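**Q** With UniProt numbering applied, the sequence shown covers 1 to 425.
Just passing along the structure, written as structure tokens.
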Amino acid sequence: KSVYHLLGDGSLVAPPFFDDLSTTHLALVIMASLFTVFVRNTTLSAAFLWSGGVRKKSLLYTLFLSQLLAPISILSMLIAQFHPNFDCKIIMRIAVASAGISFSLLISGTLGVKAYRCLDNSRLVLVILVILRTAAIIFLALDLALLNSYRSLAGRCYRTSNSMSYTFIILLFVESLFVCLCFLYAVRKSLGSVQGRITVSLSLDDVADSHLDIQKESIKHYETAHSRRDRWDYVPTVNYPALFTCRSRRTQSLSYDPSIPMGGLSRSERVHDPENVPSRLPIPPLATKSPLAGTSPIPRRPSSPAVSSISRMSQYMPRVALFREVMRDELFYTTFITASTVVSVIMTIVGVNSVGPADHVAWMAFDWAFISCLVMHSFGRVIRRHENEALLQQPSVWHRSLRTDHSTADISAEGRVRSPRPSFA
């Protein structure tokens, strides 16, 4: 005995149509959500391209193209849902081709290239990635050629599964696993070798910098302690070594020769005579500290705000540990993304082979959106890091006093240049 569902207007609906209509409504909600996610990712990737913090933007262009193909694929499915006149085979080919190319750009074009660069441009990694991606593209082309589709009772376009689509998913899993292993190997290399190289180089730089700082502080302190106070301390700079030698010798001879009558000269004659100007004391060795060093502070040149902020950070965390932590954090995060990609592809394989309302297209769509969000978040971290580095390199952008001085100087210069000419009317 047949059972029908009674609608509010008195219509009777058969159970197959009612079930397909419920599935179609759920699919529309999911496709609308995915469309919103991919539009957001496309807008964000375009903002990454317009940002001036990154010079080499090849990966950003690849990311933008991969996200731009996603709304095209989903939009074609939505159009076919509300317009029954469109051929489902053409619509499904557009959707599958866009999704396959986007997957290729996400896995090989972004994560694969990053793994290739992290391993010092390894040719082995490049060759394996090219082989896997070429095989995936070949199977994708065969899948498009053998694709069959039909329209359901509620008007939704479906495609029949074949062996080519499953092979494409398996190749996607192998490629994701290989990229994840590459990042794991890069993390393993960064734990030991980088620490030794950076520690030696930075320790040598610290020794050289401390030696130069001691020399500069000693010279500055001596010049401050023996600075000239009035005009009588002036010593002519012409032929300075010769005058210094003669003055020292002749002054010493006059001081200890009792036969020369010094009392007959007036004070002004003795002072204005260049021979009677007292000689300067010799510069003490650099290791000798003056007794005034503990009482008078050593004058220092004002440093820029960027250098001061970096120095304050170095007081709380050594430079070696800071650099290693940032580098390892970036590698670990990218490794986590690739591992999550592998888990997502495994779930897709399990979901495709299991019995449920979602077909392999739905599982691929979930996997696609998940990988896209992870990659977008990873690139967002990189863009923010580049913007922070650019901000530290240009302290006048964020330091208030420098920005105020710069604005005042610009206004003054503009006022001098654009001052109104006097009229003689």
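Ideal placement from N, C-alpha and C gives every residue a C-beta, glycine not left out.
If you're wondering where the values come from, they're calculated on a predicted model, not measured in any experiment.
Whole angstroms is fine: what's the gap from residue 125's alpha carbon to residue 184's?
**A** For the purposes of this step, residue 125 is taken as residue 125 along the sequence shown, with counting starting at 1. For the purposes of this step, residue 184 is taken as residue 184 along the sequence shown, with counting starting at 1. So the alpha carbons of these two residues sit roughly 13 Å apart.
**Q** Which residues mark the beginning and the end of the alpha helix (DSSP H) in which residue 116 is found?
**A** Position 116 of the sequence shown, counting from 1, holds the residue named residue 116. Element bounds for residue 116: 113-118.
**Q** On the DSSP bridge list, what partners appear for residue 5?
**A** Position 5 of the sequence shown, counted from the first residue, corresponds to residue 5. Its beta-bridge partners are 13.
**Q** What residue range does the alpha helix (DSSP H) around residue 93 cover?
**A** Here residue 93 is taken as the residue at index 93 of the sequence shown, counted from 1. Element bounds for residue 93: 88-104.
**Q** Under 8 Å: do the segment 92-112 and the segment 61-73 share three or more Cβ pairs, one atom per stretch?
**A** Touching, yes.
**Q** Which of helix, strand or coil does DSSP assign to residue 388?
**A** Position 388 of the sequence shown, counting from 1, holds the residue named residue 388. It is helical.
**Q** Could you pull the start and end residues of the beta strand (DSSP E) that residue 133 belongs to?
**A** As a working mapping, residue 133 is identified with position 133 in the sequence shown. Segment 123-145 is the alpha helix (DSSP H) holding residue 133; no beta strand (DSSP E) there.
**Q** Mind checking residue 48: buried by the 16 CB within 10 Å criterion, or exposed?
**A** Start at 1 with the first residue of the sequence shown, and residue 48 comes out as number 48. That one is buried.
**Q** Counting C-beta neighbours from all protein chains within 10 Å, is the total for residue 377 16 or more, i.e. buried, or is it exposed?
**A** Residue numbering aside, residue 377 sits at position 377 when the sequence shown is read from its first letter. When all chains shown are included, residue 377 counts as exposed.
**Q** Candidates 123, 113 and 104: which alpha carbon is nearest residue 140's?
**A** On the sequence shown, position 140 is the one that residue 140 refers to. That would be 104, whose Cα lies nearest to the Cα of residue 140.
**Q** Below 7 Å CB to CB, which residues in the same chain sit around residue 113 once its five sequence neighbours on both sides are set aside?
**A** By one-based count along the sequence shown, residue 113 stands at place 113. So the qualifying residues of the chain are 59.
**Q** In whole angstroms, what separates the C-alpha of residue 35 from that of residue 379?
**A** On the sequence shown, residue 35 is found 35 positions in, with the first residue counted as 1. On the sequence shown, residue 379 is found 379 positions in, with the first residue counted as 1. C-alpha separation (whole angstroms): 20 Å.
**Q** In chain order, what residues of the same chain lie with their CB nearer than 7 Å to the CB of residue 171, ignoring the 5 residues before and after it?
**A** Along the sequence shown, one-based indexing puts residue 171 at 171. The answer, listed in chain order, is 132, 135, 136 and 139.
**Q** What does a CB cutoff of less than 7 Å around residue 370 pick up in its chain, not counting 5 residues either side in sequence?
**A** Translated into positions along the sequence shown, residue 370 becomes position 370. Counting only Cβ-Cβ distances below 7 Å, and skipping sequence neighbours, we find 344.
**Q** Does DSSP classify residue 149 as helix, strand or coil?
**A** Translated into positions along the sequence shown, residue 149 becomes position 149. Residue state, collapsed to three classes: strand.
**Q** Do residue 77 and residue 149 have their C-beta atoms closer together than 7 Å?
**A** The residue you call residue 77 lines up with position 77 of the sequence shown. The residue you call residue 149 lines up with position 149 of the sequence shown. Not a contact, by the Cβ cut-off of 7 Å.
**Q** In this structure, how does DSSP classify residue 159 when only helix, strand and coil are distinguished?
**A** Position 159 of the sequence shown holds residue 159. Strand at residue 159.
**Q** Does the distance from the C-beta atom of residue 176 to that of residue 341 stay below 7 Å?
**A** For the purposes of this step, residue 176 is taken as the residue at position 176 of the sequence shown. For the purposes of this step, residue 341 is taken as the residue at position 341 of the sequence shown. Yes, the Cβ-Cβ distance between residue 176 and residue 341 is below 7 Å.
**Q** I believe residue 147 touches residue 96 by the beta-carbon criterion, under 8 Å. Please report the beta-carbon distance rounded to the nearest angstrom.
**A** Here the question's residue 147 lines up with position 147 in the sequence shown. Here the question's residue 96 lines up with position 96 in the sequence shown. Indeed they touch by this definition, with Cβ atoms about 7 Å apart.
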